[in-house]
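Novice: Residue numbers (mature numbering (1 follows the signal peptide of the UniProt record, and there is no 0)): -16 to -1, 1 to 184.
Using N, Cα and C, we set each Cβ at its ideal position, and we do this for glycine too.
Below are the structure tokens for one structure; questions will follow.
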Amino acid sequence: MRRLLLCLAFSSLAFAQTHDHSPPPSAPSTSAPVASHDHSVLGGELMASLERLDGRTFDRAFLSLMIAHHEAANAMSEDVSKSAQDAKVRTWANEVLLAQRGEVREMRAMLGDFDLGGVDEARYAAMAADMKPMVDEVRTARQLDDAWVSGMARHHALGIVMATVALSKSDNTLIQLLARNIILLQSRQLAEYRAWTADS
């Protein structure tokens, strides 16, 4: 538990030191309605199910879904981090791998440290299945850079929505801290992806 506390505190401090010090957003302020909780879009049924939960049941479901969600981002980014034509896209893919691999370790530790019963395998599998078409689309794309930026923008949009829900549904301060960090980092990255798309 102490190691988890230190890890979360360090990641929060490191992010704050390298980015602006404005207060965390209560919802992402991006140009598209990523926090609209539209259940007809990517992850919609899973989000609808998640929003009906509370307390520790919510915490286990949220962490299980977010682990699978992060692992999909990593699967999308592994080849792109080496093979993208645009150096900026390669850098972004490496940033995703660094951040999300670390957060996966944190979330798996939380499931054990908070005695939540481990990964909810059904929810994990459902999220993995929901993300698979996006992962496959990037892996088989002829225009790798464009496919990754487009796919990761959609990926982050769902991640921000999930994390925003966690701020109101979870009673665990460390899970709330994790959610705030996800919102801050992925909102910034999403804005960068959209700017790149607009300029390309």
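(1) Go through its chain and collect everything with a Cβ distance to Asp70's Cβ below 6 Å, but skip five positions before and after it.
(2) Between the alpha carbons of residue 191 and Arg40, how many angstroms are there, rounded?
(3) Whose C-alpha, out of Asp120, Ser152, Arg178 and Ala110, is nearest the C-alpha of His140?
(4) Indicate the three-state DSSP secondary structure (helix, strand or coil) for Val119 in the structure shown.
(5) By the 10 Å Cβ neighbour count, where 16 or more other Cβ atoms means buried, how is Glu105 classified, buried or exposed?
(6) Would you please state the rounded distance, in angstroms, between the beta carbons of Ile51 and Tyr108? I believe it to be under 8 Å.
(7) Just how far apart, CA to CA, sit Asp183 and Gly101?
(8) With Gln69 as the anchor, note down where its alpha helix (DSSP H) starts and where it stops.
(9) Measure the alpha-carbon distance for Ala93 versus Val133 and round it to whole angstroms.
(10) Can you tell me whether Ser154 is helix, strand or coil according to DSSP?
(11) What is the DSSP secondary structure of Glu176, reduced to helix, strand or coil?
(12) Measuring alpha carbon to alpha carbon, tell me which residue in Gln170, Phe98 and Ser61 is nearest Leu47.
(13) Identify the continuous alpha helix (DSSP H) that holds Thr41 and give its terminal residues.
(14) On the three-state DSSP scale, how would you describe Glu35?
(15) Look at the alpha carbon of Val149 and the alpha carbon of Lys72, and state the distance between them as a whole number of angstroms.
(16) Beta carbon of Val88, beta carbon of Ser61: below 8 Å?
(17) From Trp180 to Pro117, what distance separates their C-alpha atoms?
(18) Per DSSP, what kind of secondary structure is Ala125 in: helix, strand or coil?
Specialist: Short version:
(1) Excluding the 5 residues flanking it on each side, Asp70 has same chain C-beta neighbours closer than 6 Å at Asp129, in chain order.
(2) Since the first and last residues shown for the chain are -16 and 184, residue 191 lies out of range.
(3) The shortest Cα separation from His140 among Asp120, Ser152, Arg178 and Ala110 belongs to Arg178.
(4) Val119: helix per DSSP, three-state reduction.
(5) By the Cβ-count criterion, Glu105 is exposed, with fewer than 16 other Cβ atoms from all chains shown falling within 10 Å of its own Cβ.
(6) Contact flag correct, Cβ pair sits at about 6 Å.
(7) Roughly 46 Å between the two C-alpha positions.
(8) Under the DSSP assignment, Gln69 falls outside any alpha helix (DSSP H); it carries neither an H nor an E label.
(9) Taking the straight line from one Cα to the other gives about 30 Å.
(10) Under the three-state reduction of DSSP, Ser154 is assigned to coil, being neither helix nor strand.
(11) The answer is helix: DSSP assigns Glu176 an H, G or I state.
(12) Comparing alpha carbon positions, the residue from Gln170, Phe98 and Ser61 closest to Leu47 is Phe98.
(13) Note, Thr41: alpha helix (DSSP H), Gly39 to Ser61.
(14) Looking at Glu35 - three-state DSSP - the assignment turns out to be coil, as it is neither helix nor strand.
(15) When rounded, the distance between both Cα atoms is 31 Å.
(16) Not closer than 8 Å, so no.
(17) C-alpha separation (whole angstroms): 23 Å.
(18) Correct three-state label for Ala125: coil.
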